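So the structure is just underneath, and the comments pick up after that.
2 protein chains.
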Amino acid sequence: MAEPSLARLSALFFGFLLLLATYSWVPVLHSGFLSGTGVRKTLGPDPKPRVDHSSAKPHHPLDPLTVREIERVRTILLGHDPRFGSGSATIHSMALDEPDKTRVVQWKKGNRLPSRRAEVLALSGGQSHVIVVDLDSGRVLSDVVNPTSGYPILTMDDLTVASQVALQSIEFNRSVEARGVKLSDLVALPTFTGWYGPEEEGRRILKVQCFTSQDTPNYFMRPIEGLYATVDMDKLEVIKIVDKGPVSIPKAAGTEYRYSVLNKPVHMDRINPISIEQPDGPSFQVENGHLVKWANWVFHVKADHRSGMIISQATVRDSETGEPRSVMYKGFPSELFVPYMDPEELWYYKTYLDAGEIGLGPAAMPLVPFNDCPRNAYYIDGVFALPNGKSIVQPNMICLFERYAGDVSWRHSEILIPNADIRESRPKVTLVARMATSVGNYDYTFDWEFQTDGLIRVTVAASGMLMVKGTPYQNVDDLGDKENDSGPLISENVIGVVHDHFITFHLDMDVDGPTNNSLVKVHLEKQRVPNGKSPRKSYLKVKKYVAKTEKDAQIKLSLYDPYEFHIVNPNRKSRLGNPAGYRIIPGGNAASLLDHDDPPQTRAAFSNNQIWVTRYNRSEQFAGGVLVYQSHGDDTLQVWSDRDRSIENKDIVLWYTLGFHHIPCQEDYPVMPTVAASFELKPANFFESNPVIGVAPFLEKDLPVCTPFASS
Amino acid sequence: MAEPSLARLSALFFGFLLLLATYSWVPVLHSGFLSGTGVRKTLGPDPKPRVDHSSAKPHHPLDPLTVREIERVRTILLGHDPRFGSGSATIHSMALDEPDKTRVVQWKKGNRLPSRRAEVLALSGGQSHVIVVDLDSGRVLSDVVNPTSGYPILTMDDLTVASQVALQSIEFNRSVEARGVKLSDLVALPTFTGWYGPEEEGRRILKVQCFTSQDTPNYFMRPIEGLYATVDMDKLEVIKIVDKGPVSIPKAAGTEYRYSVLNKPVHMDRINPISIEQPDGPSFQVENGHLVKWANWVFHVKADHRSGMIISQATVRDSETGEPRSVMYKGFPSELFVPYMDPEELWYYKTYLDAGEIGLGPAAMPLVPFNDCPRNAYYIDGVFALPNGKSIVQPNMICLFERYAGDVSWRHSEILIPNADIRESRPKVTLVARMATSVGNYDYTFDWEFQTDGLIRVTVAASGMLMVKGTPYQNVDDLGDKENDSGPLISENVIGVVHDHFITFHLDMDVDGPTNNSLVKVHLEKQRVPNGKSPRKSYLKVKKYVAKTEKDAQIKLSLYDPYEFHIVNPNRKSRLGNPAGYRIIPGGNAASLLDHDDPPQTRAAFSNNQIWVTRYNRSEQFAGGVLVYQSHGDDTLQVWSDRDRSIENKDIVLWYTLGFHHIPCQEDYPVMPTVAASFELKPANFFESNPVIGVAPFLEKDLPVCTPFASS
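Protein sequences, first through last, are from chains A and B. Per the working numbering, the first sequence starts with residue 118, numbered consecutively. Per the working numbering, the second sequence starts with residue 118, numbered consecutively.
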């Protein structure tokens, strides 16, 4: 009886199945669970990688580890700690340990690469290890054990094991079957447990919750409420089963969303085929797989296990002089925080830190051509290390495309000048780098959009499935006073539990160089005009404050106390004497309202402010810490910032948290329409004047000639 | 010597030159000022209207007045008040006086139109008149004199006259010439004076400020600072000249922006031609010029003198039942407020209310094809009345187009189900209705974007020229402490004066019917968990409050006190018992910080809150009042709302103010890159489930086949 569920188990986890979904030379499976009849075969349309990764070499100091490099790190680790060979030590993440910034900045094409190093987060003998490996010398440079609280990012094995352990529990199986659920329909999903005090200390635990996939691929909408098992990952045993008794399982009807299966008439007139078309092909080049050159921008892009996608060394050409000018050294989503708002026993722990707990990279499935990205898109693969140190390629994980949405870059109509009508307008064409990750139920799409006027827009779009709660109620009227207990009723027996999303970006701004930036807070202060001085009684005056230390830069936004926030280089002045700057324009604002002494908020203390600026420190990349799983909050952005280091005229890092409160509604069922929010990095006295004033308009003769497919 | 300046004068004003810019059957010019040598000829690429407006008839109760109807109103008015014939009474605006909502809602295609009426704002004998004319009976139904403070919207004649009066002043001319400016280069621009207390009462005044157009079409960047003349528009005399002495006039170099003239190398790689392509043509129909049908949406769109563009009767088809369901009866930008932040004598009065002071319609020049709107756009003309009652057609004032930007409507990747990869993603295609208006220096683009999932996004994009101030300083270092006096130095001798933009939208939501809507404030309240009840210490709980009266709906947004705001129909419940609702999702938030007793803020009291809900009242359309020019603030949204009428389960109107603080920077010179902000109206338990779950993905075979123009 355990067989089918074991086999099913083997197919449960996003990280895990990444293995199968993708690449023909996938290494020998590292886990025994995959044998048997239930092994899933790749039937989908997933693409093959575009390049032969087996022989790929790095070309740029920031290029991610190649397949060969990953294999080499594995060999070095096997020599370092024999437990890696036996399988009792596991690699939880492996990424390029980037060279020092000064080395990278000085590096020029043609130079030898700085020595290649890897940083490995591993678990060996129940201890967390942060290991730095030098690939050139073949040596382990450092192996730090338990530098902070917390465990490394989870692996696919962790998830598999947790489910298996739970399903080996007769009591757990009995609880499932008592609800009339066949084990062959069971989806036993391990979820991250957070951290709630000393009693959870000293052991890695996962909580396994249950869904049924009977008659639907959308098991997320069919929770088996009132039951979970806590699994000790070291002892491989169930240490607690919570069974509050059966709750009605929501129906399967209405949960299907696959186009090939769904036969749902849509009352909507046909929309004629429409497309962004660029018959001459894209205008950008991707040099050696990672260095993107487009219009006046150059940047490095790569896939990343933890943050999904990293943009580095974004450099814009000065429109007047042609000089390449540094804007941002590195930008990426550093951590996410998704707390659910239900304190009861079966839900309180759901307070996810997705980047550090599971990683955005492994869950970034291949993008769907023509739908996730337009036809003119170019795709980039990701290369990752598996728990056993072997490598895996995730094809089409990132797309790059030029975007034209009918928007206007600048315009002016003028008719005040005799004998010369003026109707000037310029279309806005941008370049987008996109990655979409399905962290379990939720799908997050990350866009970095580059404008020719120097603006960078970062957009996070959320779609996918809600994490819902089973309820006995089928109608709001049945609920009485309980309506708002943890969220609204969004289908029969389904509550959409209220939750927040916070996405904190690491934005290592290097405006015109790495070492000399400052944060200027540009305050709009209301002034009262002295009586009789003017018919006006009040106005706003700009006052500028340069932040001296990190505590000056712990910033909560306020509608009624408005500031602009500029990262400037006080050593680089415009011809008028204004310091070259970039401004962060907040968007998608929500504040975390949880108490600071609440464990989830302590661990996610990076969401205590919307904006922070810290002194650059190469070890301070991940806002929730290096080791996030079951972390106590001793290695967060709040902790670093509270050191209150000087940040004036220094190498500094800007952090911005984009947030959504999410109160679900019926339209979010069974899949949510995309919700998007953006923030912007915008030049402010960086250029001497509007840098796109000389750009040409579109003329009809330059546009493509298109015919319907049918008539081609 | 007066000749050239008179001739030049005639070409000074946007409203005025509208006359010349457009249509061959433009009526006999109503003003003598246009004779002479300087009359501007239409050389530009402005299009001809697509339809023969001379014989057009209304087909829908909300269709704007036709050319014939405008002529008929003129005839009726000539009979009503002989001063209209003599030119001593002038028509300041004329628009359809829309039939009662119940009549419009009940009207079906094929029915006779409700009686056609026009509302005319006029000035006769120095008094403001609000006149309602019945076209069917040929009668004036009402003629209300001075219903509130304020004068009607300005006309092109007003602007012309003000300049002329100023230039007839020897003292004024002397001041100009003392600055070394040739009168032939002078641009004497009348600006709105605001209202600053009793001494300005009882007379219409305009203030004339000066620029030089020497060597540039961009005279806005060449202010002649320190000088203005106040003109009494009744007595046609200069009542005050302020001359603070010459200030350096900023240079012409660097101000040009016309592509045909500018020869500015741009350090940027070529971007290959790119376009939104739809070779089968658009999927929408425009019935009788105004009724748009697309996908699951039907709405009425029309050009409007005051608000530029009005969307009416937006109705979405229920995706499950096919039932057409009312969402919004009427939506439009009701008023703008643009206060400049400089209290000194030459600037304090610049606190514009553009919609009510000059109107967005006459300044909405023809859109530039391929640049203001993509190639797949369809254009709609505007028809307006001139001061003498004759009509004028503004071609291509509105465009409609389907937008595809590479964005995703919804997605989910799932690999947890054996033997079935799931990679579902749907492209987002929307329909945009766009109008762009050049209110003097600023260009505002208004987009109403309709999504198939029921969401309406309203975007305001600002571009054009800053209103700048001359200064003796050429470098920030010269300024010393004065740097922040009224704004930053953005070019030599040019200060970009700090200012705000507030755009207040009238959103007459009729969710599933006109009479039974309520505002529900959905509050996220922080709860502290009692000790020991849960390992969690805090969470957010949803509490709903139904606003009883208008004062419950005077809403200031707060990041740390979050609400959702739903307009619901409590009488229309989903199958789960949730009331059908639409949510307003704020965006582009800025609060006006001016004191409430400051005259500009009193006049623009609609910007005191970001959200308001009022009881529907057909006379309460314009948030700053019907008569806005020199208004005292006695007819604003604040005044109406303070009546505190009941708004529960009633016909209610939602008001939303989108705002920007604008601290200029060098990139804003000489033309600003577009800055955009949006708010959204989003279904919330309006549909039973995600309404676009059944929509088809894009398949390559459906996309167009395109070739470069050169190879076609």
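Beta carbons are placed, not taken as given, at the ideal position from N, Cα and C, and that holds for glycine. Because the structure is a prediction, the values reported are computed rather than measured.
Apart from the five residues just before and just after residue i, which ones in its own chain have a Cβ nearer than 8 Å to its Cβ?
i: Gly-698 (chain A); result: Val-628, Val-637, His-683, Ile-684, Val-685, Asn-686, Pro-800, Ala-801, Asn-802 and Phe-803
i: Ser-286 (chain B); result: Ala-346, Val-355 and Ile-358
i: Lys-818 (chain B); result: none
i: Trp-464 (chain B); result: Tyr-457, Lys-586, Ser-603 and Val-614
Mark residue i as exposed unless 16 or more other C-beta atoms lie within 10 angstroms of its C-beta, in which case mark it buried.
i: Arg-551 (chain A); result: buried
i: Gly-314 (chain A); result: exposed
i: Asp-217 (chain A); result: exposed
i: Gly-649 (chain A); result: exposed
i: Ala-295 (chain B); result: exposed
i: Arg-732 (chain B); result: buried
i: Arg-543 (chain B); result: buried
i: Gln-718 (chain B); result: buried
i: Gln-402 (chain A); result: exposed
i: Arg-735 (chain B); result: exposed
i: Asp-834 (chain B); result: Residue 834 (chain B) is absent from the structure shown; chain B starts at 118 and stops at 829.
i: Asp-678 (chain B); result: exposed
Span of the beta strand (DSSP E) holding residue i?
i: Asn-686 (chain B); result: 680-690
i: Gln-718 (chain A); result: Careful: Gln-718 (chain A) lies outside any beta strand (DSSP E), inside the alpha helix (DSSP H) at 716-720.
i: Met-552 (chain B); result: 539-556
i: Gly-587 (chain A); result: 585-587
Between residue i and residue j, what straight-line distance do the alpha-carbon atoms span, to the nearest angstrom?
i: Gln-568 (chain A); j: Glu-797 (chain A); result: 11 Å
i: Glu-215 (chain B); j: Ala-670 (chain B); result: 27 Å
i: Glu-566 (chain B); j: Val-433 (chain B); result: 13 Å
i: Met-350 (chain B); j: Pro-504 (chain B); result: 15 Å
i: Val-444 (chain B); j: Thr-666 (chain A); result: 51 Å
i: Leu-182 (chain A); j: Gln-430 (chain A); result: 18 Å
i: Val-788 (chain A); j: Arg-229 (chain A); result: 49 Å
i: Leu-194 (chain B); j: Phe-201 (chain B); result: 7 Å
i: Lys-658 (chain A); j: Ala-722 (chain B); result: 21 Å
i: Trp-224 (chain A); j: Ser-254 (chain A); result: 21 Å
i: Asp-524 (chain B); j: Val-378 (chain A); result: 24 Å
Return the chain-ordered list of same chain residues with a C-beta closer than 7 Å to the C-beta of residue i, the five sequence neighbours on each side being excluded.
i: Gln-591 (chain A); result: Glu-609 and Asn-610
i: His-177 (chain B); result: Asn-405, His-407, Leu-408 and His-417
i: Arg-540 (chain A); result: Ser-530
Give every residue of the same chain whose Cβ lies closer than 6 Å to the Cβ of residue i, excluding the five residues on either side of it in the sequence, and list them in chain order.
i: Val-556 (chain A); result: Asp-471 and Ala-480
i: Val-730 (chain A); result: Leu-636, Ala-670, Ile-764, Ile-769 and Leu-771
i: Asp-180 (chain B); result: His-407
i: Asn-633 (chain B); result: Asn-686, Asn-688 and Asn-766
i: Ser-84 (chain A); result: Outside the displayed span of chain A (118 to 829) sits residue 84 (chain A), for which this structure offers no information.
Have a look at the options and flag the residue whose alpha-carbon is nearest the alpha-carbon of residue i.
i: Ile-366 (chain A); options: A:Thr-219, A:Gln-738 and A:Cys-327; result: A:Cys-327
i: Thr-824 (chain A); options: B:Gln-395, B:Pro-264 and B:Pro-491; result: B:Gln-395
i: Ser-451 (chain B); options: B:Glu-681, B:Phe-622, B:Trp-312 and B:Asp-761; result: B:Phe-622
i: Thr-272 (chain B); options: B:Gly-630, B:Thr-308, B:Leu-252 and B:Leu-300; result: B:Thr-308
i: Gly-243 (chain A); options: A:Arg-321, A:Leu-583 and A:Asn-493; result: A:Arg-321
i: Tyr-561 (chain B); options: B:Val-792, B:Tyr-680 and B:Gly-398; result: B:Val-792
i: Asn-695 (chain A); options: A:Glu-437, A:Lys-661 and A:Ile-475; result: A:Lys-661
i: Glu-681 (chain A); options: A:Leu-711, A:Glu-642 and A:Arg-653; result: A:Glu-642
i: Val-222 (chain A); options: A:Glu-437, A:Phe-487, A:Leu-606 and A:Lys-447; result: A:Lys-447
Measure from the C-beta of residue i to each C-beta in chain E and report whether the shortest distance is under 8 Å.
i: Val-221 (chain B); result: No chain E is part of this structure, whose protein chains are labelled A and B.
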